[in-house]
Amino acid sequence: LEPLTEHLHTLTSDNGKEFARHQSIAQALNADFYFPHPHASWERGFDENTNGLIREYFPKGYDFTSYYPPRLSDRYG
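Each residue of the sequence shown is one higher than the one before, starting from 1 at the first, in full-length UniProt numbering.
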């Protein structure tokens, strides 16, 4: 994520355990980390909209390990 640090200022996540180390992630990226209230997806409107757009091309459960940023940018211009 190093190339993104100059453009990345905030992170918003759900309350899942995958972000248990959110403080070290925020520190490494020099960004603020925000959490919405539980069961309040409207507090993450941009994220939810983006997820919907991604799902048009990649179904839920899709394995992204074979995709790399250049290939994604080729697909989305």
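Cβ coordinates follow ideal geometry from the N, Cα and C atoms, glycine included.
I need the DSSP call for residue i, collapsed to helix, strand or coil.
| i | result |
| --- | --- |
| residue 5 | coil |
| residue 14 | coil |
| residue 44 | helix |
| residue 21 | coil |
| residue 58 | coil |
Where does the unbroken beta strand (DSSP E) through residue i begin, and where does it stop?
| i | result |
| --- | --- |
| residue 32 | 32 to 34 |
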